[in-house]
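Here the sequence shown is numbered in numbering that gives the first Met the number 0, starting from 0 and rising by one per residue.
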Amino acid sequence: MKTKILTMTIYKKLTTKIHFFKMKIGINNNNAGIIIFLSVFFVSFNTALSVTKDSITYVKPNEYHGLLLNDTSNSIEKYEIQRLNYSTLYDILNTRNELFGMSLGLNGHYNNFLSYGAIDNNIELGINGRSLTNYYNGKYNLENYSPEFFERIEILKGSDAAVLSGHPNNTFLNFQEIIYNTKIPFTRLWYAQEGGSFISADAIFSQNFSKGWNFTFGFKKMDDRLAFDNMSTDYWNLRFILRYNIDSTSSLSISDNFTNNKTITSGGSDPEQSLNMYNPINSSPYYGKIQMRNFRHDLNVTYSKKMNFFNITNTTYLTSDINERALPRFDESDTLGNTSNTETQIGNRINLDFTFDNIEFKAGSNINTFNSEGTNFFTEYSGVNWNLYSRAELKFTKSTSISGGINYGDDSKNGFIGFGERLEHRLNENSSIYLDHSFISKNGLIYSNDLENEKTNLFIAGLNLETIKIEGYYRIVNSPIFNRLVNEFYTEQYNISDYQAFGGSASYREQVLTDLFDKNDKIDLRLQTRINVIVGNDELKNYYPLFTFNAGLNYMLMINKSELNIGFKAGLLDSKTAPRFIPISNSYITTTNNVGIQTTGLNIYSIMKLGNAFVKIEWENLLNANYYNVAYYPERGQIVKLSVVWSFFD
């Protein structure tokens, strides 16, 4: 009876708040009822189970389960994102210095990243060490992975990425699957709305049900659309983890991440045909309407064992990736532009670690089979991809170390190799200085023909202090592989002229004032800038803005376990030509239209922590600035964004 009354109370409060914000923000979405129902179901189900306390024996899980390195200093922890008003994983990763965001202005679409002067995909994503890269476009849509599904994100760059990634890359983002170990039922609910008809919810339920056993289940629903014609997202995500903590040193888990993501795109605004490309009324799109739907399963079985001098992690995986595409029709009977393909991957990755005094040695392998039927845009393909790798780290002293390794393999058509070395000196627990070099030689997509291997040398130097982080890079690329249009909808790869790139990033974060109005308040100043220059190839001269600059102030007041954050953020982009994104092939091409200096507007926000709940309100792009990161996909204008995160029985 108490559970029923509590459930009805939660339902009334939640529906009242959602109705209020829908009226306030101006959102009208038919899926709101589904989201409310599922959210209340999770809360009430959790409440029902929590009437009696669970007496199941607690077994501490292996905290390194799914990680590639024992050093987690360069990673994003799950607790770090609580004071960020995010919608998707893109918002979280876009705060990192080494990643350059390529947003299309709409959640759910292929919002990619570049790093260290690359002109196309040089970032690989993985989970528990296995690569998530598909073969038909060489990428993975990071929007398919929920921000609520990772324990931490390992950010490997330079030599570590070249050696430990599945397909040698300059940056490897490895998601460690979420780890819950709850004696009583745990539920976490995330809900977000913003202007422009965006509504989304994510819920997680987790419970230990026997000694060492835990089951975690989650869902995410997201609907987003812009004022521009034919720009929308209809997204579902379901996921689960069944984990057995054998003891505190070993774990076995089975997880699945399923996504059903329907995106509609117009290809951005055509500057030649638009009176004002930033105005939905006066802009003309490149395409009438392109519809794409992605059904993807990533099933993983991971075992890890940590011993005194020997560690092992093994992940066996299966990926089913179905893609449907529909181009604009010439008439009602036209179906020539409708295509689909199903890519299947089955593979295994094993990672072995040996530690002897001041030497750490790592070795492993990855092998997977893949196949897909052809479409109107690419031929059928199949084969076996394998690679072997090894990495060693020698610690001269407690604070100085050198590491290096090699990654060699074949994708059934071309061989690839990556190797590198790194020298690092730790000034203290939170500060270090490092030098890094990596070399990568690899070819293009599996069905591309007559390409020379792209060869890249990347040099990185960095200084990490408690308040300042500075990093510089120099990139030399021979026989770069890029894209050109075959027709208005699709691209093919080809080798372009050599180029060099150099630049870097710097960030500064410091408490500038404390005890202003209370003994428990403070003001933080945050500054961030990036510089990117490409030389040697005139076609790529203004591919990046010369510099970007972001600044913000945050006032925080602590009252017992609650807190209030109020602040603002603003940004600036230097002039650029910027690449254009081609949706069907998920690739970039160069453009010739130069845009001047752009501001990214002014954001003001308030983030409140009330017990286990976070309430976040942000007025984005207050000045209604016109800008884009990718030509010609305008970012959102002035909007209000609300999100609520509430953990029950945390």
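Each residue gets a CB set at the ideal place from its N, CA and C atoms; glycine is no exception.
Exposed unless 16 or more other CB atoms sit within 10 angstroms - verdict on residue i
i	result
N310	buried
E487	exposed
Y57	exposed
L572	buried
I240	buried
R483	exposed
Q81	exposed
E650	The requested residue 650 does not occur in the structure, where the chain is confined to residues 0 to 649.
D497	exposed
M306	exposed
L426	exposed
S642	buried
G287	exposed
S301	The sequence shown places Thr at residue 301, not Ser. By the neighbour-count rule (16 or more Cβ atoms within 10 Å), T301 is buried.
V485	exposed
P284	buried
I358	exposed
S586	buried
F647	buried
Host alpha helix (DSSP H) of residue i (start-end)
i	result
S158	158 to 163
Other residues of its chain near residue i: CB distance less than 6 Å, five sequence neighbours each side excluded
i	result
A362	L351, S389
L98	L92, F112, S114
I321	F294, T341
F516	none
E379	E372, G373
R348	G128, R129, T314, N365
T215	Y179, S205, I240
N442	N413, L450, N452
D297	N256, T318
I263	N229, S231, Q290
T259	Reading the sequence as shown, one finds Asn at residue 259 and not Thr. Within the same chain, N259 has close Cβ partners W235, F294.
Q597	L572, Y626
P270	M276, N592, Y631
I432	H424, L462
Limits of the beta strand (DSSP E) - the one that residue i falls within
i	result
Y507	498 to 513
F355	337 to 355
H64	It is not in any beta strand (DSSP E) - H64 carries neither H nor E in the DSSP assignment.
E301	Looking at the sequence itself, residue 301 is Thr, so the reference to Glu does not match. Taken as a continuous stretch (DSSP letters only), the beta strand (DSSP E) holding T301 covers 289 to 305.
Q527	520 to 534
R425	414 to 427
T598	597 to 609
I75	74 to 76
F438	430 to 441
F548	546 to 558
Q81	That residue, Q81, is in no beta strand (DSSP E); it is neither H nor E in DSSP.
L326	Here L326 belongs to no beta strand (DSSP E), and DSSP marks it neither H nor E.
G566	561 to 572
D255	249 to 264
R474	467 to 477
R635	Run containing R635: none; DSSP gives neither H nor E here.
T232	231 to 246
T455	453 to 463
A362	358 to 371
Beta-carbon proximity list for residue i, same chain, < 8 Å, skipping 5 on both sides
i	result
N281	S273, L274, N275
E147	I177, R187, W189, D201, I203, G217, K219
G610	K560, S561
N110	T87, Y89, G100, M101, S102, L103, L141, E142
Contacting residues, own chain, Cβ-Cβ under 7 Å from residue i (five flanking each side not counted)
i	result
A117	N169
D410	G382, N384, I445
N133	Y139, D320, E342
I245	G211, L251
I345	L317, N367, T368
Meets three-Cβ-pair contact criterion under 8 Å: the region 154 to 172 and the region 183 to 200:
no
Could you tell me which whole alpha helix (DSSP H) segments of length 4 or greater appear in the region 137 to 224?
158 to 163
In chain order, which beta strand (DSSP E) runs of at least 3 residues are fully inside the region 90 to 146?
99 to 101, 111 to 113, 122 to 126
Would the region 408 to 424 and the region 144 to 158 be scored as touching if the rule is three or more Cβ pairs under 8 Å?
yes
Within the chosen definition, does the region 523 to 534 reach the region 501 to 508 through at least 3 CB pairs nearer than 8 Å?
yes
Residue ranges of each alpha helix (DSSP H) within the region 381 to 413, 4 or longer
none
May I ask you to verify whether the region 549 to 559 touches the region 577 to 587, counting CB pairs closer than 8 Å and requiring at least 3?
no
Can at least three beta-carbon pairs, one atom from the region 599 to 614 and one from the region 561 to 570, be found at a separation below 8 Å?
yes
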